[in-house]
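Chains as they are written, first to last, in numbering that gives the first Met the number 0: chain A, 0 to 351; chain B, 0 to 351; chain C, 0 to 351; chain D, 0 to 351; chain E, 0 to 351. Ideal placement from N, C-alpha and C gives every residue a C-beta, glycine not left out. For clarity, every value in this text was computed on a predicted model and none was experimentally measured. Working notes, beginning with the structure itself.
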Amino acid sequence: MPSAGKRRSAKTGLPPGSLIHIGEKHAEKAKITLCVYDETSFQEREIQTLEGTLPPEGEPVSWIHIDGLHEIRLLEQMGTAFGLHPLILEDILNTEQRPKSEDHGDYLYVVLRLFHEDAGGALEPEQVSIVFGRNWLISLQEKEGRLFDPIRERLRNEKGRLRKAGADYLAHALLDAIVDSYFVILDKFGEKIENLEDALIGRPVPRTLQAIQALKREVILLRKSVWPLREMIGSLGRSDSPLIREQSALYFRDVYDHAVQVIDTIETYRDMLSGMLDIYLSSISNRMNEVMKVLTIIATIFMPLSFLAGIYGMNFRYLPELEWRWGYFALWGVMVTIALVMLIAFRRKKWL
Amino acid sequence: MPSAGKRRSAKTGLPPGSLIHIGEKHAEKAKITLCVYDETSFQEREIQTLEGTLPPEGEPVSWIHIDGLHEIRLLEQMGTAFGLHPLILEDILNTEQRPKSEDHGDYLYVVLRLFHEDAGGALEPEQVSIVFGRNWLISLQEKEGRLFDPIRERLRNEKGRLRKAGADYLAHALLDAIVDSYFVILDKFGEKIENLEDALIGRPVPRTLQAIQALKREVILLRKSVWPLREMIGSLGRSDSPLIREQSALYFRDVYDHAVQVIDTIETYRDMLSGMLDIYLSSISNRMNEVMKVLTIIATIFMPLSFLAGIYGMNFRYLPELEWRWGYFALWGVMVTIALVMLIAFRRKKWL
Amino acid sequence: MPSAGKRRSAKTGLPPGSLIHIGEKHAEKAKITLCVYDETSFQEREIQTLEGTLPPEGEPVSWIHIDGLHEIRLLEQMGTAFGLHPLILEDILNTEQRPKSEDHGDYLYVVLRLFHEDAGGALEPEQVSIVFGRNWLISLQEKEGRLFDPIRERLRNEKGRLRKAGADYLAHALLDAIVDSYFVILDKFGEKIENLEDALIGRPVPRTLQAIQALKREVILLRKSVWPLREMIGSLGRSDSPLIREQSALYFRDVYDHAVQVIDTIETYRDMLSGMLDIYLSSISNRMNEVMKVLTIIATIFMPLSFLAGIYGMNFRYLPELEWRWGYFALWGVMVTIALVMLIAFRRKKWL
Amino acid sequence: MPSAGKRRSAKTGLPPGSLIHIGEKHAEKAKITLCVYDETSFQEREIQTLEGTLPPEGEPVSWIHIDGLHEIRLLEQMGTAFGLHPLILEDILNTEQRPKSEDHGDYLYVVLRLFHEDAGGALEPEQVSIVFGRNWLISLQEKEGRLFDPIRERLRNEKGRLRKAGADYLAHALLDAIVDSYFVILDKFGEKIENLEDALIGRPVPRTLQAIQALKREVILLRKSVWPLREMIGSLGRSDSPLIREQSALYFRDVYDHAVQVIDTIETYRDMLSGMLDIYLSSISNRMNEVMKVLTIIATIFMPLSFLAGIYGMNFRYLPELEWRWGYFALWGVMVTIALVMLIAFRRKKWL
Amino acid sequence: MPSAGKRRSAKTGLPPGSLIHIGEKHAEKAKITLCVYDETSFQEREIQTLEGTLPPEGEPVSWIHIDGLHEIRLLEQMGTAFGLHPLILEDILNTEQRPKSEDHGDYLYVVLRLFHEDAGGALEPEQVSIVFGRNWLISLQEKEGRLFDPIRERLRNEKGRLRKAGADYLAHALLDAIVDSYFVILDKFGEKIENLEDALIGRPVPRTLQAIQALKREVILLRKSVWPLREMIGSLGRSDSPLIREQSALYFRDVYDHAVQVIDTIETYRDMLSGMLDIYLSSISNRMNEVMKVLTIIATIFMPLSFLAGIYGMNFRYLPELEWRWGYFALWGVMVTIALVMLIAFRRKKWL
């Protein structure tokens, strides 16, 4: 979107690694939630600082979730406490990142995009960053959201896989939740497309075209995020990083399949929207045809008749028909005949 | 199709491996057919449970066919009895899967799509899953169908290959039957396209356009299923799994050729449908041209004539022509001349 | 083509390797010609059976050419006598094969397509199959043709390469003859395109559009056959089969260059036909413009004049101009002036 | 752009390596700035000759920046002093180079393009060449610019990375500044696109189309430069040249991400501009429709009424209605009725 | 072009390696120029036969240039004297070759295409073949041209590279001259495109469209030759043939860059020409709109006025207004008012 470049260009001329938050400021204070869990225990609490949160090797998994990116101080703490590369911190703050994953040896960095619908029904992107090591995971969101609540719920209750598996499986669970959220958006698109199709079969107006184009643009926007997402998840599934264990890789490949399904649906929607544009344009042509036919029918019938009326409105001294006893009525007869012949001809041409 | 995302999004927030049937419920009870065969013997019976159906190594081949996916209990039995990965069970139930094959070492999992025509002639997809090991094969369909009857027939009668070969050859036979069923659908498409072409050469109406677009969309839908199908069969043919023996691989490559042929035909149909859209649009323009010509001819002939009639309908005191003895008849002569000149001019311009 | 799928679907449900001839039956009996040649000798005769025709290692080359595929018995003989895989026999009979080559160790199988022009000038495909080993080659055609006559001629007379080289060089000669026959077809297309261009520069009619579309479809049909042909010949040229000797591989690469040239020409034709469609559509628009201009000029001149005539045709008691001595003539002056002004305005606007 | 080939062709027939400046001459004298820096020191001065500026191994980094390419003498000095290949000197002078990087062992050569907006808002390309070895870097620009000022500023003040790192990191900093400058241009494009969209929703005029096309062409121009730029930076990031150290490669990959982001935005803009063309064309059709409706409504109402008036303007001796006492008023009633009926019909058809 | 296939098909049925000249016969006798040079000496003379011209290993470089391909005898001599493969001789004579390079061990064969402008400004292709070994090079052109004169000039005078380097560098010089000649043609295209753009902004006529299409076709023709040219030169630059020494490979890569630049420019021209087609079509629509507006304005003003005039031309016995003293003048007032109201309405709608 136009604004993508706009905000990004604010950084021109700064050294790489400069921590400047590129994106809308969300006024509330950043909120940090820490979950520490293993097969037998589960703790969840809100914390104020990231110092000292890196769990030693062999300890339970720590999941730190941060809502809100505007506190640069927090990012700096994070960089120091977990030993992250300055470019990662910069990427987290620059909320126009292309989805990608980076393997830094001790930890993996994943950035991707989430979509919300704003009040007017337009898509609003939000960047989610995930950094994870052997037994810790940090997830960062631009603003508070409820997307990961079901995962927290599963962590609390479940006797199952999530509590037993490590940070890599948690990362998978977060990615899975995000990819699943795309299906919700595609649902809404599907409905809008169906409504537009009904509108097209009825009587398309210029607003219909604008709606088609708006939807098309949102589909393009989504597509722009999902294609690199697919690559990214695919590379995680094939990754040879020791941080992603063999049994988790299978789950990443499962999310990959879902991402491919999202792309298939998006491509189908694009094709459908292109088809709708064709229908719209040809329906305009059709209506023009219809208008022209009405005009032509009227003109073709009344021009000859008016001409005849004009003839007998002339003031020639010697105009024999005017003197005939039944001239007027005969003329009417002629006129009705002409009109009928015309109408039959139009019917033959299927114009009526 | 819009509905693709719709149903899928019902799973948002659930852990992977949750067994929930995504798709229409088909009310009847699931039906399980077990065929046990080797070169010398053949048994076929209906069974109620999958427990204990995994044949030991070296035994005859067991083919278990399940019609209907809604009994979660069955899937769970299957998972336990044959030791399948939970993600496979989830994929079988999620009937929006993209065609793919997965090699799990002891068994191969294949999922693909079949198309039926519903009452209105629209394509209705159905997911078919096939899991097979050395001497067993499970096939699952959403609802009861007769597609595999000829294979059962060949199993019963034949002294030939199918009875002698193993589960991999049976899997090939099922895939072959499914790919062949695409040819039936392409036949019907071919007929529809021929009908539409006749309609186009005649007098295309807006309904023609809608039919073209509807067909185009079905072709896209089919294409979306066949492209990954091709990849999938190709990877089976090149597979280095010990479950697919060298002599069977050749047969998989044969099915691969058929899938490529299906794709070729689909792409040709797409090109043809695009060409038909062009013809439709230009035929609308042509007809508009025709309408405009009629209007212009009528107006060009009668406007000058009416003007002349108007001249001699004026009431000037001194209007000499009105007094002439043959004025009226002379005017008719002038008028007929004008009309003839016009008609000749139109003929020259090839408008008539 | 629609019919491609139609015929093919007749096989649905049959086991692979079933020998059923898919294609039109050509009533005459199949004709088998056997040529046996080496550097010093050449024999040619018609034979009735294929039994015993496989020449032992070290013997002269045997070329068996079969016109007509409908005698299943012959195919079965061939399979037995030369030890061919059943799938090859099936592929030979199924005349909708995609061009491909298969390396079966002892022999290579090549299938491709030839095009004839039927009486109406439409392209009619014919499938040619070639199977060759070290010192034998079988070629099969759907119906009798004269395409390979020059090769037979060269075999008879020539002291040159063809008599000295083995079956691989003969295979190359056949492929070369087939690829060369595409140039003949492209010639005719070139002529048709030139004619259509002349028609377009003149006065395009709807028939022109239909001709463009028909030609476009034939080009697509041809293209569908030549793309895989190119791949196939390319893979023969790069083949590591011992049946294709190094010195022959060079000749296959030469044929490959020709196939690429055919594709280049086809792609150029496609571009040209697309450009012609644009010209056609814009020429329709242009003509509509022309029609509208005539209408507008006529209406713009005669409507004001008729209005004036109408004014002085009114019966007001006090209408002073009517009483003027030169009123009528003055009005004519006004009218001529108006018409002239209009005409000058149109000339200025370049409508005339 | 057209002029690209024009200037280039001036070299036809000259031997490669001929030093001829292809591009506009910028009259002022070339200006050379030399910065010598390491972790502890920083010197900056203007110099007149390049002789003796190659720093020995182990010395601080020398950055030589040259504004203005027209002094061939300078290039020759540079070639001699730094031992550059003649083809590089030729490429530097030929300002129509495609972005690329070349590894010459002892030094790397990078050429890319920068864009300025000229007075009229059109994009003006400028070629930037960078040659760097272990501890020296030469950058060349066609004319004086302020793009690298922030980097010089960072060199002066910073205690950070840039002063500590070698010539490879400086090269990265220059590339980063250039890629960031693309975001500024994309910003402006974004604004122009938004303005065009507003104009489209209002009342598009032919000028709008020209503006869309002009913008589209600038986007194509930009795209032509950025695609190879991406490849080039990518190959630097993956380079195995010893001149690019491991820790710097990471920074090159960061710039690569930015270049990909630029391409994504450019592709989105292209899609949007294509969509705008569709909207423009359909809005013209819509307006034509509107015009035709007005014409048809007027004609359909007044033609029948004029016909009736014509009827009662006839001079038949026996025309009974003319004698009726209320004939005139009755006729008005009939006329008003006809007009109303017509208007209701049009409203029904949604034409009003 | 259509004629491409036409000429080629003349060879159908002939054995490969048959020496038949496919192309226009140029009546004059072929002209052979021999240049023998090394660092210290240079000889140039015209010769009549190729026999004995192959220089022994270690001798100075011999460059044999042949203008005119129609003397089959010469080709045969060449084949014998230099030991060339018969297929190469055939390719040289068949002037419809696709640009390609072939490595035959002892020598390399390169064929490519040159373009001249004929009298009418249309592109005329000419095939250039180059065969070179260690210390000899044969170049063949269809007809006499002056393209290589500057190279001969450099050979005569130069103390530089060309005299010192071997046949590979000479081959590079020839290729460079040919690629540079493409820039001259692109220049002319650029000028034509600029002229067409001016014509489009003015008043496009059907001839403009034909010019756009003609240019587009030439661009396609050029493109068809340059794409394989790029590949070919690229493969020479990467070649591991001992005939191309390391220091020359760099120069081949330089020519490769130029070829890529040619392709970039061609692709930009294609995009621009497509954009011009859009502008042309929408300008036709715009003009149609303009015409329709004039018609509608005239009709909308004069139809109501004529109707009123018709009303008062009726002959009702009781038509009170006719008797009014100022009826006529009042009617004029009403009419002028109506016309003004209409005009204001049109101005409001921006039709005027």
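Does DSSP put residue i in a helix, in a strand, or in coil?
i: leucine 214 of chain C; result: helix
i: glutamate 322 of chain D; result: helix
i: proline 149 of chain E; result: helix
i: isoleucine 219 of chain C; result: helix
i: threonine 79 of chain B; result: helix
i: serine 224 of chain A; result: helix
i: serine 40 of chain D; result: coil
i: threonine 32 of chain C; result: strand
i: phenylalanine 114 of chain A; result: strand
i: glutamate 230 of chain E; result: helix
Would you mind reading off the limits of the beta strand (DSSP E) that contains residue i?
i: serine 180 of chain D; result: Segment 166-200 is the alpha helix (DSSP H) holding serine 180 of chain D; no beta strand (DSSP E) there.
i: histidine 64 of chain A; result: 60-66
i: leucine 122 of chain B; result: 122-131
Can you pull the DSSP bridge partners for residue i?
i: aspartate 239 of chain A; result: Bridge partners of aspartate 239 of chain A: none, in fact.
i: tyrosine 108 of chain D; result: D:Glu101, D:Val130
i: tryptophan 135 of chain A; result: A:Ser61
Should residue i go down as buried or exposed, given a rule of 16 or more other Cβ atoms within 10 Å for buried?
i: glutamate 56 of chain A; result: exposed
i: asparagine 134 of chain B; result: buried
i: aspartate 148 of chain C; result: exposed
i: glutamate 89 of chain C; result: buried
i: glutamate 245 of chain A; result: exposed
i: aspartate 37 of chain C; result: exposed
i: leucine 339 of chain A; result: exposed
i: tryptophan 350 of chain A; result: buried
i: glutamine 42 of chain D; result: exposed
i: valine 425 of chain E; result: Beyond the ends of chain E as shown, which are 0 and 351, falls residue 425 of chain E; an answer cannot be given.
i: aspartate 167 of chain E; result: buried
So, under 8 Å CB-CB, residue i and residue j are touching, yes? Tell me the CB distance rounded to an integer number of Å.
i: methionine 291 of chain B; j: methionine 302 of chain C; result: Incorrect: roughly 18 Å between the Cβ atoms, too far for contact.
i: arginine 202 of chain D; j: glycine 274 of chain E; result: That belief does not hold up - the Cβ atoms of arginine 202 of chain D and glycine 274 of chain E are roughly 23 Å apart, past 8 Å.
i: arginine 151 of chain C; j: cysteine 34 of chain C; result: 7 Å
i: leucine 258 of chain E; j: isoleucine 232 of chain E; result: Reading the sequence as shown, one finds alanine at residue 258 of chain E and not leucine. Between isoleucine 232 of chain E and alanine 258 of chain E the Cβ distance is about 5 Å, and since that is below 8 Å, they are a contact.
Got a sec, what are the start and stop residues for the alpha helix (DSSP H) residue i sits in?
i: histidine 257 of chain B; result: 245-310
i: proline 85 of chain D; result: 85-92
i: leucine 161 of chain E; result: 160-163
Could you tell me if the beta carbon of residue i falls within a distance shorter than 7 Å of some heavy atom in the ligand SAH?
i: glutamate 38 of chain E; result: For the structure depicted, the ligand SAH is absent and the ligand set is empty, with no information on it obtainable.
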